[in-house]
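I have placed the structure first, in the form of structure tokens, so that the comments after it can refer back to it.
Protein chains: 2
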Amino acid sequence: MNNGVIKFLQEPKIMSTYSCVGSEEKKGPLGRLFNYYSEDNKFGKNTWEKSESEMQRIALFGAMQNAGIKDTGLDILLAGDLLNQCVGSSFGLSDYDIPYVGLYGACSTCALGLALGSCLISGGIAERVGTVTSSHFCSSERQFRFPLEYGGQRPPTAQWTVTGAGAFILGNKGRVSIPEAVFGKIKDMGIKDVNNMGAAMAPSCVETIKTYFRETDHSPEDFDMIITGDLGYEGSEILKELLLSEGIDIRKNHTDCGLLIYDIEAQDKHAGGSGCGCSASVISAHILKKLEACELRDVLFIGTGALMNSLTVCQGNSIPAISHLVRLKTEV
Amino acid sequence: MNNGVIKFLQEPKIMSTYSCVGSEEKKGPLGRLFNYYSEDNKFGKNTWEKSESEMQRIALFGAMQNAGIKDTGLDILLAGDLLNQCVGSSFGLSDYDIPYVGLYGACSTCALGLALGSCLISGGIAERVGTVTSSHFCSSERQFRFPLEYGGQRPPTAQWTVTGAGAFILGNKGRVSIPEAVFGKIKDMGIKDVNNMGAAMAPSCVETIKTYFRETDHSPEDFDMIITGDLGYEGSEILKELLLSEGIDIRKNHTDCGLLIYDIEAQDKHAGGSGCGCSASVISAHILKKLEACELRDVLFIGTGALMNSLTVCQGNSIPAISHLVRLKTEV
Chain D
1 MNNGVIKFLQ EPKIMSTYSC VGSEEKKGPL GRLFNYYSED NKFGKNTWEK SESEMQRIAL
61 FGAMQNAGIK DTGLDILLAG DLLNQCVGSS FGLSDYDIPY VGLYGACSTC ALGLALGSCL
121 ISGGIAERVG TVTSSHFCSS ERQFRFPLEY GGQRPPTAQW TVTGAGAFIL GNKGRVSIPE
181 AVFGKIKDMG IKDVNNMGAA MAPSCVETIK TYFRETDHSP EDFDMIITGD LGYEGSEILK
241 ELLLSEGIDI RKNHTDCGLL IYDIEAQDKH AGGSGCGCSA SVISAHILKK LEACELRDVL
301 FIGTGALMNS LTVCQGNSIP AISHLVRLKT EV
Chain Y
333 MNNGVIKFLQ EPKIMSTYSC VGSEEKKGPL GRLFNYYSED NKFGKNTWEK SESEMQRIAL
393 FGAMQNAGIK DTGLDILLAG DLLNQCVGSS FGLSDYDIPY VGLYGACSTC ALGLALGSCL
453 ISGGIAERVG TVTSSHFCSS ERQFRFPLEY GGQRPPTAQW TVTGAGAFIL GNKGRVSIPE
513 AVFGKIKDMG IKDVNNMGAA MAPSCVETIK TYFRETDHSP EDFDMIITGD LGYEGSEILK
573 ELLLSEGIDI RKNHTDCGLL IYDIEAQDKH AGGSGCGCSA SVISAHILKK LEACELRDVL
633 FIGTGALMNS LTVCQGNSIP AISHLVRLKT EV
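Just so you know, the sequences run in chain order D and Y.
Mapping of the first sequence onto this note's numbering: residues 1 to 332, in sequence order.
Mapping of the second sequence onto this note's numbering: residues 333 to 664, in sequence order.
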């Protein structure tokens with residue numbers, strides 16, 4: 001590790017991936033790219049929590065099938081979600097006979113899993129690692145805000161939690177590799193508005209991106225895309241402005257998973273998508289496919305997470321945030 | 333990795349540790365061994381959640397001081413707790429300028445952090461890793477059961493969540509090394525009684541211990557101690573019985589962190605202690621000291637966690653559980 005940037009000597013490869021989403025995501029501009037969707041967002045289950053777990057189960061099953069491997073072919077599973085005590089993951093993956101490590105990184109979880117899985121492969125600890133991440137609009141609303149039946153109103157800066165899951169199998173084969181990663185530091189800049197997560201998370205994203213460019217020879221124009229997940233409209237604007245004031249201009253090649261997954265105006269999604277299933281499904285279904293097709297060749301993906309819970313908000317605390325980075329590169 | 337057992341080529345060492353506890357733990361048989369305690373369990377804060385976070389901050393500070401290192405001396409921080417969205421850790425450690433990875437393993441978190449930190453060191457990803465774990469009786473009761481003011485009654489199989497935190501610094505120096513680890517698999521045997529966590533967790537502990545003895549040349553008598561954390565009285569009895577039926581007899585050298593931390597009868601603690609701060613503080617203050625003094629030389633520590641939340645219990649689900657193992661060995 002070089003002042004925060006990890007360069008993998010054995011570059012892990014993404015062997016396969018699989019995504020599932022709900023109906024709103026299916027209707028969005030990336031709709032046809034997702035592997036699986038549920039019209040009623042229930043995935044055949046009778047509670048929203050079980051529906052979210054079922055997405056995790058399906059996503060991992062699909063990714064393992066796409067890689068041509070079974071339970072015994074995976075050394076470790078890394079998984080996380082937004083629910084209390086991460087039950088989306090533990091209930092969803094309990095049928096798999098695979099050593100399990102539970103992660104909590106809020107909406108940064110997809111990047112966290114990819115980064116940590118890469119460490120385990122590069123370090124010779126594991127040969128094949130599965131990572132799974134999910135969020136569900138209905139389970140999240142109930143837990144972080146109001147039950148759906150209440151019909152709570154949302155301000156313009158609010159983001160819409162994506163119903164989605166993405167799974168990735170890391171190993172030694174595949175066109176896309178992960179040559180570098182950065183584990184972020186927790187940043188708390190005093191933002192207390194739980195309906196403006198973008199503003200709470202942007203400063204931690206600035207910190208991680210600054211660390212990456214400071215400790216490597218790269219500059220933003222070296223990358224085909226710098227994609228965050230998920231700052232939404234508000235957070236993305238803050239990120240670009242803050243970075244520009246530090247002399248780092250990512251305006252030309254920045255985008256955000258939360259801005260891609262919905263047709264924001266037509267679907268009335270306010271500041272865009274959020275939830276750790278957002279970046280998981282967008283990276284899985286959209287970005288990775290473009291990398292595999294060489295339409296993109298070198299991408300920085302920064303997952304951004306807000307680390308509060310509903311009680312800390314009620315107690316008047318500000319919102320700490322974290323951003324983890326992975327570089328995704330196509331072998332030409 | 334050899335069918336689940338990880339043998340570290342570069343054996344990570346425990347450089348230092350630090351523990352803090354509340355008043356009940358201070359009154360218990362290990363009371364004088366803990367580094368820090370708060371008479372009113374508040375640690376100077378005005379909410380139980382902030383008190384728990386403060387324990388994490390103090391524990392890491394103490395461990396770093398004991399190792400003679402500063403923020404910049406740690407490459408990665410691994411931390412977790414029992415609170416929703418792991419806010420005990422993220423709020424407690426947000427002041428540290430250290431890359432942060434959030435874990436969720438319920439009461440297995442201390443073992444999970446030690447195992448994962450060892451992977452990062454042995455794999456050459458990090459030179460020094462901090463791991464921190466906490467639980468607080470008052471924040472846990474409010475979240476998982478009832479507010480304290482309600483005065484809920486507890487059945488005999490219930491365990492008492494420990495108010496405590498433990499931090500460990502892993503690196504290349506120290507008398508105690510971690511030569512092996514096992515990441516557990518999620519096991520759900522259909523137990524639904526949230527007041528009998530021991531029964532819910534014991535089967536996963538059986539699975540992890542079986543894996544260890546099946547894949548290594550060792551048998552239980554090779555170890556000075558096989559310590560679980562935290563099955564309590566009920567879960568420990570089930571563990572020993574289940575293992576015996578599989579031909580593995582750990583009755584002579586088994587103990588449990590939840591049985592050590594309180595004078596269970598005198599302190600009216602029913603089936604013993606629990607909470608991820610239990611094993612973190614007992615391993616830190618008691619077991620590690622005995623290893624450093626060569627009173628113990630080779631110990632298997634298995635952290636056991638129950639992965640439900642209060643909503644999944646209300647929805648009638650059973651309780652999935654997981655157990656992670658680390659071997660702690662004194663260099664003679």
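Just so you know, even glycine gets a beta-carbon here, dropped at the ideal spot from N, CA and C.
All values derive from a computational prediction rather than experimental measurement.
Review point. Once you ignore the five residues that flank V645(Y) on each side, which residues in its own chain have a CB closer than 6 Å to its CB?
Key: As a working note, residue 645(Y) is residue 313 in the second sequence. Once the five neighbours on either side are set aside, the close Cβ partners of V645(Y) are V526.
Check your understanding: Counting contacts by CB-CB distance shorter than 9 Å, is D600(Y) in contact with chain D?
Key -> For this step, residue 600(Y) is matched to residue 268 along the second sequence. Against chain D, the CB of D600(Y) has no partner CB under 9 Å away; the residue lies outside that interface.
Review point. Should A63(D) and G130(D) be called a contact, given that it needs their Cβ atoms to be closer than 9 Å?
Key: The sequence position of residue 63(D) within the first sequence is 63, counting from 1. The sequence position of residue 130(D) within the first sequence is 130, counting from 1. Yes, they are a contact pair.
Check your understanding: Around the C-beta of A447(Y), are 16 or more other C-beta atoms found within 10 angstroms, so that it is buried, or is it exposed?
Key -> For the purposes of this step, residue 447(Y) is taken as the residue at position 115 of the second sequence. By the neighbour-count rule (16 or more Cβ atoms within 10 Å), A447(Y) is buried.
Review point. Helix or strand or just coil, what does DSSP make of T543(Y)?
Key: The residue you call residue 543(Y) lines up with position 211 of the second sequence. Three-state DSSP puts T543(Y) in a helix.
Point to revise | Within-9 Å CB hit, G412(Y) to chain D | key: The residue labelled residue 412(Y) in the question sits at position 80 within the second sequence. So, interface residue.
Point to revise | L325(D) - partner residues in DSSP beta bridges | key: Walking along the first sequence from the start, residue 325(D) turns up at place 325. Partner residues in the beta bridge of L325(D), as assigned by DSSP, are V182(D), I302(D).
Check your understanding: Are I559(Y) and C589(Y) closer than 9 Å when you measure CB to CB?
Key -> Counting from one through the second sequence, the residue named residue 559(Y) turns up at place 227. Counting from one through the second sequence, the residue named residue 589(Y) turns up at place 257. Contact check for I559(Y) against C589(Y) passes: the beta carbons are separated by less than 9 Å.
Review point. Which same chain residues, not among the five before or five after F144(D), have their C-beta less than 7 Å away from its C-beta?
Key: By one-based count along the first sequence, residue 144(D) stands at place 144. So the list reads S310, once near-sequence residues are dropped.
Point to revise | Coarse secondary structure for L170(D), derived from DSSP in three states | key: If you number the first sequence from 1, residue 170(D) lands on position 170. The three-state reading of DSSP puts L170(D) in strand, counting E and B together.
Check your understanding: Taking just the CA atoms, how far does E539(Y) sit from E547(Y)?
Key -> Taking the first residue of the second sequence as 1, we reach residue 547(Y) at position 215. Taking the first residue of the second sequence as 1, we reach residue 539(Y) at position 207. C-alpha of E547(Y) to C-alpha of E539(Y): approximately 12 Å in a straight line.
Check your understanding: With S466(Y) and C608(Y) assumed to form a contact (beta carbons below 8 Å), what rounded beta-carbon distance in angstroms separates them?
Key -> Translated into the one-based positions of the second sequence, residue 466(Y) becomes position 134. Translated into the one-based positions of the second sequence, residue 608(Y) becomes position 276. That pair is a contact at about 7 Å.
Practice item. Measure the alpha-carbon distance for L77(D) versus G376(Y) and round it to whole angstroms. Key: One-based indexing of the first sequence puts residue 77(D) at position 77. One-based indexing of the second sequence puts residue 376(Y) at position 44. Cα atoms of L77(D) and G376(Y): separation of roughly 39 Å, rounded to the nearest angstrom.
Point to revise | Secondary structure of M529(Y), DSSP reduced to three states | key: Within the second sequence, numbered from 1, the residue matching residue 529(Y) stands at position 197. Annotated three-state conformation of M529(Y) is helix, per DSSP.
Review point. Between which two residues does the alpha helix (DSSP H) harbouring M308(D) extend?
Key: Taking the first sequence and counting its residues from 1, the one referred to as residue 308(D) is at position 308. Annotation: M308(D) is outside any alpha helix (DSSP H) and is labelled neither H nor E by DSSP.
Practice item. Give the secondary structure of I559(Y) by DSSP, where H, G and I count as helix, E and B as strand, and everything else as coil. Key: Taking the first residue of the second sequence as 1, we reach residue 559(Y) at position 227. Assigned with DSSP and collapsed to three states, I559(Y) falls in strand.
Exercise for review: Report the rounded CA-to-CA distance for F223(D) versus V299(D), giving the unit in angstroms.
Suggested key: Along the first sequence, one-based indexing puts residue 223(D) at 223. Along the first sequence, one-based indexing puts residue 299(D) at 299. Counting only the Cα atoms, V299(D) lies some 6 Å from F223(D).
Review point. With 16 as the cutoff for other CB atoms within 10 Å, does K601(Y) come out buried or exposed?
Key: As a first step, residue 601(Y) is located in the second sequence; it is residue number 269 there, counting from the start. Flag for K601(Y) reads buried.
Check your understanding: Around the Cβ of P320(D), are there at least 16 other Cβ atoms within 10 angstroms (buried) or fewer (exposed)?
Key -> Looking up residue 320(D) in the first sequence gives position 320. If you draw a 10 Å sphere on the C-beta of P320(D), you find 16 or more other C-beta atoms in it, and that means buried.
Point to revise | Beta carbon proximity, D525(Y) to chain D, threshold 9 Å | key: Within the second sequence, numbered from 1, the residue matching residue 525(Y) stands at position 193. By this cut-off, D525(Y) is not an interface position.
Exercise for review: Identify the contact partners of C119(D) in chain Y, using a Cβ-Cβ distance below 7 Å as the criterion.
Suggested key: Looking up residue 119(D) in the first sequence gives position 119. Residues of chain Y passing the Cβ test: L452, G455, I457.
**Study point:** Residue from I302(D), Y36(D), T161(D), Q65(D) with nearest C-alpha to G273(D)
**Key:** What you label residue 273(D) is simply residue 273 of the first sequence in a count that begins at 1. Comparing Cα-Cα distances from G273(D) to each of I302(D), Y36(D), T161(D), Q65(D), the minimum goes to T161(D).
Review point. Can L623(Y) and R507(Y) be called in contact, C-beta distance under 9 Å?
Key: Along the second sequence, read from residue 1 onward, the residue named residue 623(Y) stands at position 291. Along the second sequence, read from residue 1 onward, the residue named residue 507(Y) stands at position 175. Yes. Within cutoff.
Exercise for review: Pick out the complete beta strand (DSSP E) segments inside the stretch 70–106 of chain D, 3 residues or longer, and give them in chain order.
Suggested key: Within the stretch 70–106 of chain D, the complete beta strand (DSSP E) runs of at least 3 residues are 76–81, 100–102.
Exercise for review: Identify whether C20(D) lies in helix, strand or coil by the three-state DSSP scheme.
Suggested key: Within the first sequence, numbered from 1, the residue matching residue 20(D) stands at position 20. Three-state result, C20(D): strand.
Check your understanding: From G171(D), G235(D), C205(D), pick the residue whose C-alpha is nearest to that of P156(D); which is it?
Key -> For the purposes of this step, residue 156(D) is taken as the residue at position 156 of the first sequence. Measuring from the Cα of P156(D), the nearest candidate turns out to be G235(D).
**Study point:** Neighbouring residues, chain D, relative to I401(Y) (Cβ below 9 Å)
**Key:** Counted from its first residue, the second sequence places residue 401(Y) at position 69. Near I401(Y) there are no residues of chain D at all, since even the closest Cβ is about 15 Å away, more than 9 Å.
Point to revise | chain Y contact residues for P99(D), given Cβ-Cβ distances below 8 Å | key: Within the first sequence, numbered from 1, the residue matching residue 99(D) stands at position 99. Listed along the chain, the chain Y residues whose CB falls inside 8 Å of the CB of P99(D) are G336, V514, F515, G516, K517.
Check your understanding: Which whole-angstrom value is the C-beta distance of R128(D) and I69(D), which I expect to be below 8 Å?
Key -> On the first sequence, position 128 is the one that residue 128(D) refers to. On the first sequence, position 69 is the one that residue 69(D) refers to. About 7 Å separates the two Cβ atoms, so the contact holds.
Review point. If you measure beta-carbon to beta-carbon, which residues of the stretch 525–552 of chain Y are closer than 7 Å to chain D?
Key: Listed in sequence order: no entries.
Check your understanding: Tell me which same chain residues have a C-beta within less than 8 Å of the C-beta of R629(Y), skipping the five on either side of it?
Key -> On the second sequence, residue 629(Y) is found 297 positions in, with the first residue counted as 1. Listed in chain order, the non-local C-beta contacts of R629(Y) below 8 Å within the same chain comprise D556, L623, K661, T662, V664, local neighbours out to five positions each way being set aside.
Exercise for review: Using a Cβ-Cβ cut-off of 9 Å, state whether Y104(D) counts as contacting chain Y.
Suggested key: Here residue 104(D) is taken as the residue at index 104 of the first sequence, counted from 1. Answer yes: the Cβ-Cβ gap between Y104(D) and chain Y drops below 9 Å somewhere.
**Study point:** Distance between I615(Y) and E356(Y) (C-alpha atoms, nearest Å)
**Key:** Reading the second sequence from its first residue, position 24 is the one you call residue 356(Y). Reading the second sequence from its first residue, position 283 is the one you call residue 615(Y). One C-alpha to the other measures close to 17 Å.
**Study point:** Enclosing beta strand (DSSP E) for V132(D) [first to last residue]
**Key:** Start at 1 with the first residue of the first sequence, and residue 132(D) comes out as number 132. The continuous beta strand (DSSP E) containing V132(D) extends over residues 129–135.
Point to revise | DSSP state of T441(Y) mapped onto helix, strand, coil | key: Position 109 of the second sequence, counted from the start, is the residue given in the question as residue 441(Y). Helix at T441(Y).
Practice item. May I ask you to list, following chain order, the residues of the stretch 317–330 of chain D that have a beta carbon less than 8 Å from some beta carbon of chain Y? Key: Residues of the stretch 317–330 of chain D that bring their beta carbon within less than 8 Å of a beta carbon in chain Y comprise N317, P320, I322, in sequence order.
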